[in-house]
Amino acid sequence: MAGLIDCVVGARPNFMKIAPLLRALETPPCSRVCLVHTGQHYDTNMSDVFFEQLGIRVPDVLLEVGSDTHARQTARIMERYEEHLIASHPAGVVVAGDVNSTLACSLTAAKLQIPVAHLEAGLRSFDRRMPEEINRIVTDALADVLLVTEESGQQNLLLEGIGEKKIHLIGNLMIDTLYRELPRARDLNIPARFGLQERRFGLVTMHRPSNVDDPAVLGRLLALLNEISRPLPLVFPIHPRTRARIEAAGLADALRSPGIVATDPLGYHENLGLMAAARIVLTDSGGMQEETTALGVPCLTLRENTERPITVERGTSTLVGNDPDLIRRHFFDVLEGRYKRHEMIPLWDGHAGKRAALVLRQAWVI
Ligand code: UD1
């Protein structure tokens with residue numbers, strides 16, 4: 000009988016990447032998949048809602064690790080995942096993206112000599128102040144199958160000495176999910192729920208330490224949002240991390256401006272519906288840089304660098320860091336019709352899941 004493989008998810012950005020792969024692996028010739036959820040994200044609106052909306056089945060294994068410092072969270076995932084791996088000994092483990100669950104599970108599997116496949120391998124911001132960069136580098140060094148979304152990823156891996164045969168440019172799984180769910184997201188007419196009309200609002204998200212941990216930086220960003228929400232209302236779904244920082248810094252008043260619609264984190268369809276209809280998106284999310292490029296919506300990326308350079312070079316993203324003057328300038332370029340042109344990205348075509356499943360079936364007997 001063909002071997003069993005584990006597909007691991009842990010945090011919000013993993014769910015939309017694993018959904019198309021699971022679908023492809025579980026259509027004939029069906030592979031046997033054990034779906035593992037580490038529980039790094041556990042709130043209904045950070046986890047369950049994505050399973051429901053994306054039709055992901057109930058996980059076979061829940062590690063229920065919850066939040067903690069990086070070392071404690073990573074260690075707890077490793078301890079619990081090791082027990083599961085020793086009991087089930089799968090033929091391979093698939094991890095996605097760059098969150099702590101990705102690193103913890105690949106390290107645990109590699110030590111038990113179980114092969115690892117990494118979805119979204121090779122991306123590099125070259126900024127080790129980001130915990131995600133460390134997670135990416137370690138995971139890629141350990142992985143046996145590296146599935147890559149854009150050419151820069153291939154080049155980065157080759158430069159790090161990873162064998163060419165392990166690297167596969169398969170495109171972008173998250174964009175498979177986007178194309179599949181877009182009609183549903185549009186049908187729901189999400190802007191109307193917020194009293195807004197298509198292209199007459201902006202969407203803002205931020206949760207990176209570089210933007211929300213320093214009260215001075217956070218205060219400046221919130222003041223700027225207040226200012227730019229006068230010409231264009233802004234919907235601002237607030238990540239739990241950001242909510243906590245705003246409250247701790249005593250900045251909650253900044254969210255009471257009439258142009259800002261502050262909400263809890265949104266479901267997949269709600270966020271996609273807003274993103275697709277927005278005039279502009281301001282975000283520090285890696286995923287939304289890619290999604291806005293696929294949708295052709297201008298994206299001001301609130302970061303100094305990006306591990307997804309194709310979204311800047313050929314897509315709709317511009318790096319603006321957290322400098323109010325730069326953000327303001329690009330914001331008005333968009334509003335006044337001066338923004339750059341973009342192109343479609345090769346292999347971001349809705350079929351990456353099938354290509355990934357093919358590579359995995361060829362690499363492992365599953
Ligand atoms: C994690 C990822 C980040 C990703 C982001 C998407 C790492 C290192 N970072 O960051 O790459 O962009 O997910 O959301 O893995 N919390 C809740 N409910 C939850 C989950 C978290 O309230 O369901 C709160 C907790 O206070 C927690 C904090 O958010 O301490 C941060 O959560 P954590 O998973 O550590 O990191 P994120 O900032 O979400």
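So for the sequence shown, numbering that gives the first Met the number 0 puts the first residue at 0; every next one is plus one. Ideal placement from N, C-alpha and C gives every residue a C-beta, glycine not left out.
Alpha carbon of residue i to alpha carbon of residue j, nearest angstrom
i	j	result
residue 371	residue 336	Nothing in the structure corresponds to residue 371, since the chain is present only between 0 and 365.
residue 167	residue 246	44 Å
residue 290	residue 82	36 Å
residue 126	residue 304	8 Å
residue 140	residue 28	30 Å
residue 281	residue 85	44 Å
residue 308	residue 302	12 Å
residue 150	residue 194	41 Å
residue 87	residue 143	20 Å
residue 329	residue 11	29 Å
residue 70	residue 118	23 Å
residue 370	residue 253	Outside the shown range of the chain, which is 0 to 365, sits residue 370, and nothing can be said about it.
residue 361	residue 233	47 Å
residue 160	residue 292	30 Å
residue 339	residue 75	45 Å
residue 285	residue 135	13 Å
residue 358	residue 154	19 Å
residue 333	residue 179	28 Å
residue 430	residue 283	Coverage of the chain is limited to positions 0 through 365, which leaves residue 430 absent and any answer about it impossible.
residue 55	residue 354	19 Å
residue 66	residue 26	34 Å
residue 103	residue 268	29 Å
residue 64	residue 73	9 Å
residue 99	residue 208	15 Å
Residues near residue i in its chain [Cβ-Cβ closer than 6 Å; skip 5 each side]
i	result
residue 79	62
residue 131	97
residue 365	1, 2, 4, 30 and 90
residue 272	184, 187 and 189
residue 24	30, 32 and 356
residue 34	6, 58 and 59
residue 363	90 and 91
residue 266	48 and 52
residue 319	299, 325, 326 and 329
residue 206	238, 240 and 241
residue 36	8, 58 and 61
residue 148	119 and 171
DSSP bridge partner residues for residue i (one or two, in chain order)
i	result
residue 91	4
residue 201	233 and 279
residue 167	146
residue 316	298
residue 123	Looking at the DSSP assignment, residue 123 forms no beta bridge with any residue, so it has no partner.
residue 31	3
residue 17	Bridge partners of residue 17: none, in fact.
residue 138	In DSSP, residue 138 forms no bridge with anything.
residue 115	92
residue 311	Paired residue(s): none; residue 311 is not in a bridge.
residue 262	236
residue 216	According to DSSP, which records beta bridges pairwise, residue 216 is partnered with nothing at all.
8 Å CB neighbourhood of residue i in its chain, flanking five on each side removed
i	result
residue 350	170 and 175
residue 345	170
residue 163	157
Identity of the residue in the options nearest residue i by Cα
i	options	result
residue 213	262, 114 and 250	250
residue 165	325, 311 and 115	115
residue 259	354, 325 and 200	200
residue 230	331, 242, 292 and 297	331
residue 343	334, 310, 194 and 328	310
residue 196	276, 162 and 236	276
residue 39	15, 67, 9 and 254	9
residue 454	13, 73, 64 and 72	Lying outside 0 to 365, the shown extent of the chain, residue 454 is not represented and no answer is given.
residue 274	321, 208 and 198	198
residue 46	18, 68, 72 and 73	18
residue 215	321, 111 and 105	321
residue 317	347, 279 and 348	279
C-beta contact flag for residue i and residue j at 8 Å
i	j	result
residue 101	residue 77	no
residue 93	residue 20	yes
residue 42	residue 239	yes
residue 129	residue 204	no
residue 352	residue 22	yes
residue 270	residue 236	yes
residue 68	residue 105	no
7 Å Cβ shell around residue i - same chain, five flanking residues per side excluded
i	result
residue 323	219 and 223
residue 152	120, 121 and 122
residue 256	225 and 228
residue 109	115 and 141
residue 124	132, 304, 305 and 306
residue 244	211, 212 and 217
residue 341	292, 295, 313, 314 and 315
residue 177	271, 290 and 293
residue 261	235, 237 and 254
Short CB-CB distance (under 8 Å) between residue i and chain C
i	result
residue 334	No chain C appears in this structure, which consists of one protein chain only.
Any non-hydrogen atom of the ligand ATP closer than 7 Å to residue i Cβ
i	result
residue 46	Within the structure as shown, the ligand ATP is missing, the only ligands being the ligand UD1.
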